[in-house]
Amino acid sequence: MPRAASITIKDVAREAGVSVASVSRVMNGHDNVQAETRARIQAVIERMRYSPHLGARELITRRSRIIGVLLPDLHGEFFSELIRGIDTAARERKLHLLLSSAHGDAAEMVAAIQSMRGRVEGLLIMAPHLDASGISERLSEPVPMVFMNSRVEGGLPSVSIDSYSGARAMVRHLVSCGHRTIAHISGPADNFDSHERRRGYEDELAASLPGARALILPGDFGEASGHAAGCALAARSPRPDAVFAANDMMAIGALSAFGSQGLEVPRDIAIAGFDDIPLAAFVRPALTTARVHIAELGRLALRRVVAAIELALGQPLDEPGDLAPDCLTLQPEPVVRQSCGARLAGPLNEK
Numbered sequence: 140m141p142r143a144a145s146i147t148i149k150d151v152a153r154e155a156g157v158s159v160a161s162v163s164r165v166m167n168g169h170d171n172v173q174a175e176t177r178a179r180i181q182a183v184i185e186r187m188r189y190s191p192h193l194g195a196r197e198l199i200t201r202r203s204r205i206i207g208v209l210l211p212d213l214h215g216e217f218f219s220e221l222i223r224g225i226d227t228a229a230r231e232r233k234l235h236l237l238l239s240s241a242h243g244d245a246a247e248m249v250a251a252i253q254s255m256r257g258r259v260e261g262l263l264i265m266a267p268h269l270d271a272s273g274i275s276e277r278l279s280e281p282v283p284m285v286f287m288n289s290r291v292e293g294g295l296p297s298v299s300i301d302s303y304s305g306a307r308a309m310v311r312h313l314v315s316c317g318h319r320t321i322a323h324i325s326g327p328a329d330n331f332d333s334h335e336r337r338r339g340y341e342d343e344l345a346a347s348l349p350g351a352r353a354l355i356l357p358g359d360f361g362e363a364s365g366h367a368a369g370c371a372l373a374a375r376s377p378r379p380d381a382v383f384a385a386n387d388m389m390a391i392g393a394l395s396a397f398g399s400q401g402l403e404v405p406r407d408i409a410i411a412g413f414d415d416i417p418l419a420a421f422v423r424p425a426l427t428t429a430r431v432h433i434a435e436l437g438r439l440a441l442r443r444v445v446a447a448i449e450l451a452l453g454q455p456l457d458e459p460g461d462l463a464p465d466c467l468t469l470q471p472e473p474v475v476r477q478s479c480g481a482r483l484a485g486p487l488n489e490k
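In the numbering used here, the protein residues as written are 140 to 490.
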């Protein structure tokens, strides 16, 4: 049995053989629980010495209607789209947002969370550089939270992109276009999404082109790093046939570099990105990429944290499916435009 200090409402529900919502209703004195079930839950609570955290009790009497949002950065179209999705869902529920950036630092992330306590009802956290369970364990008191695109274990609620499968799909598409030497511009080494996309690139390269050598250039998800990688690739002899960049911003930077070096995309070198930020459709040639539905990621995360708050309050869930399963994974969709050279291999499915 877990130690008393670490026991959660999920532990009580599991031991009693009931839902988390039933335990929450009993804890908050609601009548809509059968007497036999109520007695069983109360017996488990007493035996496990479970006590709800202070934050949950505060929520019952004082509603701020504010959701804290902690992101690794606020720059770029990805975060703009993500915030737009969160904000749209929040306004539909008459909620407000308190926004902060932790710059990928664990101590700063925990400090930002602690500073929001008492001011927010729940937290949305994107921490791709950090271990989500480590963040949760370092809090003095728990608070309803949902992680986005983070390294999550132990049943913490999360909404994530399947970066690994998306990367494999993009490499597989480049191979289908006839490309046989494919380079990769990776993201930061300590970033979870970057790691998964690099792993997908390497695994699909080995599966689709047995014996092909991986060529990986470092990047940081920014345009400048993509431009630097693009210049390095343009100078290689022989050049690769194609490039898969771990995000669209680096792909756009590389696209600019190829143009400055006199290369024509996709005739001389093809390129594909990841995310499908709004700008991807408007660069020339238009960028082939993996569509993530960034705003939808934010909208779903907001719905899940609202469900977590409702559980803490012992209220019936507005959308019962919003907390099941613990980890909700979104599948990227390939978007084929001009930059990949599909026109050279067959009909173009342009979007």
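The beta-carbon is built from N, C-alpha and C at its ideal position, and this holds for glycine as well.
These figures come from a predicted structure and were not determined experimentally.
Within a Cβ cutoff of 6 angstroms, which residues of the same chain sit near LEU487, ignoring the five residues on either side of it in sequence?
Residue placement at LEU487 is flagged as unreliable, the pLDDT there being 35, under the threshold of 50; the coordinate-derived value follows with that caveat. Taken in chain order, the residues that qualify are ALA481.
When we look at the beta-carbon of CYS492 and count the other beta-carbons within 10 Å, is it buried (16 or more) or exposed?
Not covered by the structure: residue 492. The range shown for the chain is 140 to 490.
For a quick check, are the C-beta atoms of VAL208 and ILE225 less than 8 angstroms apart?
Remark: C-beta atoms of VAL208 and ILE225 approach each other more closely than 8 angstroms.
Whole angstroms are fine: how far does the CA of ASN330 sit from the CA of CYS370?
The straight-line gap from Cα to Cα measures roughly 24 angstroms.
Assign ALA472 to one of three DSSP states: helix, strand, or coil.
The sequence given here has Glu at residue 472, not Ala. Note: GLU472 maps to strand in three-state DSSP.
By DSSP, does ARG290 sit in helix, in strand, or in coil?
strand
Since I believe SER347 is in contact with VAL310 (beta carbons under 8 angstroms), could you give me their beta-carbon distance rounded to a whole number of angstroms?
7 angstroms
Going by the DSSP bridge assignment, what does THR321 pair with across the sheet?
The residue asked about is misnamed: residue 321 is Ile in this sequence, not Thr. Its beta-bridge partners are ALA381.
Below 8 angstroms, can you find three or more Cβ-Cβ pairs linking the region 381–394 to the region 306–326?
yes
Below 7 angstroms CB to CB, which residues in the same chain sit around VAL165 once its five sequence neighbours on both sides are set aside?
VAL172, ARG177, ILE180, GLN181
Measuring CB to CB, does VAL474 end up less than 8 angstroms from THR427?
yes
Quick one: is GLY365 buried, meaning 16 or more other Cβ sit within 10 Å of its Cβ, or exposed?
buried
Report yes if the CB atom of TYR189 is closer than 8 angstroms to the CB atom of VAL151, and no otherwise.
yes
Quick check on the burial criterion: 16 or more other C-beta atoms within 10 angstroms. Buried or exposed for THR200?
Confidence at THR200 is low in this model, with a pLDDT of 49, below 50, so its placement is unreliable and no value can be given for it.
Based on DSSP bridge pairs, tell me the residues matched to MET284.
LEU262
Sub-8 angstroms separation of HIS235 and ILE205 beta-carbons:
yes
Give the straight-line distance between the Cα atoms of SER163 and MET284, rounded to the nearest whole angstrom.
If you draw a straight line from the Cα of SER163 to the Cα of MET284, it comes to about 16 angstroms.
Going by C-alpha to C-alpha distance, which of MET187, GLU154, LEU295 sits closest to VAL444?
LEU295
Kindly indicate which three-state DSSP category ARG179 falls into: helix, strand or coil?
helix
Can you say whether ALA368 is buried or exposed, counting buried as having 16 or more other CB atoms within 10 angstroms of its CB?
buried
CB GLN505 to CB SER304, shorter than 8 angstroms?
Because the chain in this structure spans residues 140 to 490, residue 505 falls outside the shown range and cannot be described.
My output table needs one value for ILE416: the three-state DSSP class, helix, strand or coil.
coil
For ILE88, write down the residues that DSSP places opposite it in a beta bridge.
Since the first residue shown for the chain is 140 and the last is 490, residue 88 is missing from the structure and cannot be characterised.
Specify the secondary structure class of ASP235 as computed by DSSP and reduced to three states.
For the sequence presented, residue 235 should be read as His rather than Asp. Residue state, collapsed to three classes: strand.
Does ARG494 come out as helix, strand or coil in the three-state DSSP assignment?
Residue 494 falls outside the range modelled here, since the chain spans only 140 to 490, and no answer is possible.
Under 8 angstroms between the Cβ atoms of GLY261 and ALA447?
yes
From what residue to what residue does the beta strand (DSSP E) around GLY207 run?
205–210
For ARG258, count neighbouring Cβ atoms within 10 angstroms of its own Cβ and tell me buried if that reaches 16, exposed if not.
That one is exposed.
So, using beta-carbon positions, are ILE391 and LEU356 closer together than 8 angstroms?
no
Please state whether the Cβ-Cβ distance between ASP380 and THR320 is less than 8 angstroms.
Yes, they are a contact pair.
Under the three-state DSSP convention, the category LEU467 falls into:
strand
Does DSSP put ALA174 in a helix, in a strand, or in coil?
helix
How is ILE146 classed by DSSP in three states: helix, strand or coil?
coil
How is PRO336 classed by DSSP in three states: helix, strand or coil?
Note on residue identity: the sequence assigns Arg, not Pro, to residue 336. In the structure shown, ARG336 sits in a helix (DSSP, three-state: H, G or I).
Could you please give the first and the last residue of the uninterrupted beta strand (DSSP E) stretch that includes VAL298?
297–300
In terms of residue numbering, what span does the alpha helix (DSSP H) encompassing ALA353 cover?
First-last for ALA353: undefined, no H or E at that position.
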